[in-house]
Amino acid sequence: MDKLLRVRFAPSPTGYLHVGGLRTALYNYLFARKNNGKFILRIEDTDRNRYVEGAVENLINSLKWAGLDYDEGPDIGGVYGPYMQSQRLNIYKQYAKELINIGNAYYCFCSQERLQKLREEQEKQKLPQVKYDKHCLNLTTEEIEKKIKDKLPFVIRLNVKPNQKIIFNDIIRGQVEFDSNNIDDQILIKSDDYPTYHLANVVDDHLMKISHVIRGEEWLSSTPKHVILYDAFGWERPKFAHLPLLLNPDKSKLSKRQGDVAVEDYRDKGYLKEALINFVALLGWNAGDDREFYYLNELIEAFSLERVNKSGAVFDIVKLNSLNAEHLRRKSNGELLQMLKTELIKSEFADLSFSDERLLLIIEAMKERVSFVHEFISNCKYFYKEPEEYELKSIEKNWKPETPDHLRKFINLIAQINNPSKQDYENALTKVAEELNLGKGKLIHPLRLAVSGQSTGPGMFDLLYILGKEEVIKRIEKAIESINVK
RNA sequence: GGCGCGUUCGUCUAGUGGCUUAGGACGCCGCCCUCUCAAGGCGGAGAUCACGGGUUCGAAUCCCGUACGCGCUACCA
1 MDKLLRVRFA PSPTGYLHVG GLRTALYNYL FARKNNGKFI LRIEDTDRNR
51 YVEGAVENLI NSLKWAGLDY DEGPDIGGVY GPYMQSQRLN IYKQYAKELI
101 NIGNAYYCFC SQERLQKLRE EQEKQKLPQV KYDKHCLNLT TEEIEKKIKD
151 KLPFVIRLNV KPNQKIIFND IIRGQVEFDS NNIDDQILIK SDDYPTYHLA
201 NVVDDHLMKI SHVIRGEEWL SSTPKHVILY DAFGWERPKF AHLPLLLNPD
251 KSKLSKRQGD VAVEDYRDKG YLKEALINFV ALLGWNAGDD REFYYLNELI
301 EAFSLERVNK SGAVFDIVKL NSLNAEHLRR KSNGELLQML KTELIKSEFA
351 DLSFSDERLL LIIEAMKERV SFVHEFISNC KYFYKEPEEY ELKSIEKNWK
401 PETPDHLRKF INLIAQINNP SKQDYENALT KVAEELNLGK GKLIHPLRLA
451 VSGQSTGPGM FDLLYILGKE EVIKRIEKAI ESINVK
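In the numbering used here, the protein residues as written are 1 to 486.
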């Protein structure tokens, strides 16, 4: 009899979805889908100082863009809602009071100043750890009632019992052990009545029947606090899985300073969601074989928490790029066409119109030469407008005094053909080459330069065919004129 | 400082005591293909498995220690 497996992604709305968050969400999602469980989105907005307008919408959009659909969440509801912690304040208060009644929490009226001083003193004494001195634990009921009546600000603290071993099992790290003497009497309810992460998280995970807590490694050190809470309430502890961190190239925790960190940044730069998902999935997990190319549904099939690594992984943009190129190459031309069209609207060629037929030819010609959809434009502008300048190096190397004559011969031949095919272009060029007793390459290079302004690109005859006879002739003539002038 | 977690090619990783002269991928280099650039194919360089001790006939794999890195140490999450 399996209990229903339920996991959650619980970000705090700080503005955008971090790629590390994306991976956490992904692993939760994969684990749920693989095991017929439920995947829940819960917003942990308990810090009023960090509230950012529109952050929740943004988070949801990024998740949706990535294709990680959830079964319950703030925008779609669910039986365990609400899914915004700021809407559950009374629940936390109620549970905090219960904790006080059973002796596992207490009111604390200490001022920020006293706490500050306490900390400084402990540091000066070089005490091994800095923590609250349980000063307010000694307050009598009468004293507490009076202070509350006098409207003194207070917090509610967890009462950590000394000399206890707190042991829990982590799916990824195995058994982890803490000494309760090293654990501070964590604040559970702040003086503004909002709960801290620790209380809200545990209460909600229990109430929402979360079976597995899959989250970043930064939470490992606070897990004993959570375990104390579960035990104090008499609740069954969920299974824990702490994921390795995503790192900057210098191995520090992935941060904004050293590159893009928001999912939307990658989306805006033209990364395919398939590639980002694929890449991020492999940062800390693999199936145990050599496979590296996956679509989301294949990831679901292959995923298991047991195969998640323990150590942090550097986010290597170069590998992401290559994965992006590969995902791009495997897309159908039809899909690519739609993407190219929306890209075109954003480009300098927005005012021009191109037939699907022509765009499809460009896609076919460039597909194996690009890593991003926008490169169907930026890497080959010559498909959209005639070249304005010609690569200098190629001129020096390929443009000889006799080149104009050679190219004119070519023009003369193709001018006579109606709607020349690729083969027609090739035949014409072969003929000119034979007449001149030259290798084809000797003609192709200057031809490419004349027609595209560049020295690299798709196959010569594909290029000519896509441009069309009139355009080809026009461009050759222009090239002859402008290059000779120099 | 304390506590916790980690440590295999530059990077992501395979490897769970003998199959390993440590495999793959990205990147890099070379060759092939070829009108160029890609893509593709083939090959190469690149890891004394952080270090030092054990255990064992045998260790990247198990144990201990050290070093280093990272995380946490808030009325932030």
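All C-beta atoms, glycine included, are put in the ideal place defined by N, C-alpha and C.
Work out the CA separation of residue j and residue i for me, nearest whole Å.
i: Q164; j: Y230; result: 15 Å
i: R88; j: L188; result: 14 Å
i: L487; j: S322; result: Look at the range of the chain in this structure, 1 to 486, and you will see that residue 487 is not part of it.
i: F488; j: S111; result: No information on residue 488 is available, as it lies outside the stretch 1 to 486 that the chain covers here.
i: K440; j: K319; result: 38 Å
i: E120; j: R114; result: 10 Å
i: A325; j: I480; result: 36 Å
i: D462; j: Y294; result: 32 Å
i: L359; j: T456; result: 19 Å
i: I172; j: Y27; result: 13 Å
i: K486; j: E388; result: A caution first: K486 carries a pLDDT of 47, below 50, which makes its placement in the model too unreliable to give a value.
i: H445; j: N398; result: 6 Å
i: E357; j: M366; result: 14 Å
i: Q129; j: V176; result: 20 Å
i: Q116; j: P195; result: 21 Å
i: C380; j: E396; result: 21 Å
i: L63; j: P401; result: 59 Å
i: M1; j: G78; result: Note that M1 scores 39 on pLDDT, short of 50, meaning its location in the model is unreliable; the coordinates nonetheless yield the value given after this. If I take the Cα positions, the gap works out to 24 Å.
According to DSSP, residue i sits in a beta bridge with which residue or residues?
i: V155; result: C108
i: Q175; result: N169
i: M84; result: I43
i: E72; result: I40
i: V308; result: W285
i: V314; result: L247
i: G67; result: For G67, which the question treats as bridged, DSSP gives no partner whatsoever.
Whose C-alpha, out of the options, is nearest the C-alpha of residue i?
i: N182; options: Y295, Y70, K225; result: K225
i: T141; options: N169, R173, C108, L115; result: C108
i: L246; options: E218, L59, F178; result: E218
i: F31; options: D45, Q416, Y51, A281; result: A281
i: R488; options: Y294, L199, G81, D289; result: The displayed coordinates of the chain run from 1 to 486. Any statement about residue 488 would go beyond what the structure contains.
i: S221; options: I166, V472, D260; result: I166
i: K3; options: L299, S211, H18, Y465; result: S211
i: Y465; options: N418, V213, K310; result: N418
i: K385; options: F349, I411, D356, E396; result: F349
i: D69; options: R448, L296, K381; result: L296
i: P13; options: S86, D250, I363, Y425; result: S86
i: N104; options: E123, L41, L199, H18; result: L199
i: D316; options: V261, F461, S421, T196; result: V261
i: V213; options: F39, P446, K478, K310; result: F39
i: L137; options: Q175, I414, K161; result: K161
i: L449; options: S394, I102, K251; result: S394
i: L207; options: E145, N278, P238, T196; result: P238
i: L254; options: T403, G216, K474; result: G216
i: E364; options: E264, H445, A415, L340; result: L340
i: I156; options: D193, K34, K131; result: D193
i: Q423; options: N412, I473, M460; result: M460
i: G468; options: G453, A415, Q454, I483; result: A415
i: I490; options: R6, P11, Y29, F168; result: Residue 490 lies beyond the stretch modelled for the chain, which goes from 1 to 486, so this question has no answer here.
i: V472; options: L392, Y390, Y382; result: Y382
Where does residue i sit, in a helix, a strand or coil, going by DSSP?
i: P195; result: strand
i: S180; result: helix
i: F9; result: strand
i: V213; result: strand
i: G284; result: coil
i: K381; result: helix
i: G439; result: coil
i: L115; result: helix
i: F240; result: strand
i: H18; result: strand
i: G259; result: coil
i: L188; result: strand
i: G334; result: helix
i: K3; result: coil
i: K393; result: helix
i: K134; result: coil
i: K486; result: Residue placement at K486 is poorly supported in this model, since its pLDDT is 47, which falls under 50; the coordinates still yield a value, given next. Coil.
i: K400; result: coil
i: K269; result: coil
Kindly confirm or deny that the stretch 364–378 and the stretch 336–345 touch, where touching means at least three C-beta pairs closer than 8 Å.
yes
Would you be able to state if there are at least three C-beta pairs under 8 Å between the stretch 97–106 and the stretch 47–67?
no
Quick check: the stretch 428–437 against the stretch 405–414, are there 3 or more CB pairs under 8 Å?
yes
Inter-stretch contact (C-beta, 8 Å, three-pair minimum) for the stretch 142–153 and the stretch 283–300:
no
Between the stretch 323–331 and the stretch 268–281, can you find at least three pairs of beta-carbon atoms closer than 8 Å?
yes
Count the CB pairs spanning the stretch 17–32 and the stretch 231–246 that are closer than 8 Å, and state whether there are at least three.
yes
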